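Start counting the sequence shown at 1; every next residue gets the next number (full-length UniProt numbering). Step one of this worksheet: look at the structure below.
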Amino acid sequence: MPSSVIKYFSYDKTTSTLKIIFITGMVYLYKKVPEKVYKLLKASGSKGRYFNAYIRDKFKFQKLGEE
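If you want it as structure tokens, here you go:
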């Protein structure tokens, strides 16, 4: 299901890093994210709601700038 907040996201198992590109074009890397969190984000009906509840402010992140 498309999101009104998240444009794209991907997960790197080897580094447990979740990359999220927001609709605004901003790119963030969230670190030490369990694979289960990524899979639940992928399965979520509302990506933005899931992100706000289970990822935002829960994991350290690196802001990469704009896409």
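Think of the CB as a built atom: it goes at the ideal place given N, C-alpha and C, for glycine as much as any other residue. Keep in mind it's a predicted model, so treat the numbers as computed, not measured.
CB of residue i within 8 angstroms of CB of residue j, strictly
i          : j          : result
residue 62 : residue 28 : yes
residue 7  : residue 35 : no
residue 4  : residue 21 : no
residue 41 : residue 47 : yes
Whole-Å CB distance - residue i paired with residue j, under 8 angstroms assumed
i          : j          : result
residue 59 : residue 32 : 6 angstroms
Segment limits, beta strand (DSSP E) that includes residue i
i          : result
residue 67 : Premise fails: residue 67 is in no beta strand (DSSP E) and is neither H nor E.
residue 27 : 26-30
Three-state secondary structure assigned by DSSP to residue i
i          : result
residue 13 : coil
residue 37 : helix
residue 51 : helix
Burial state of residue i, where buried means 16 or more other Cβ atoms lie within 10 Å
i          : result
residue 18 : buried
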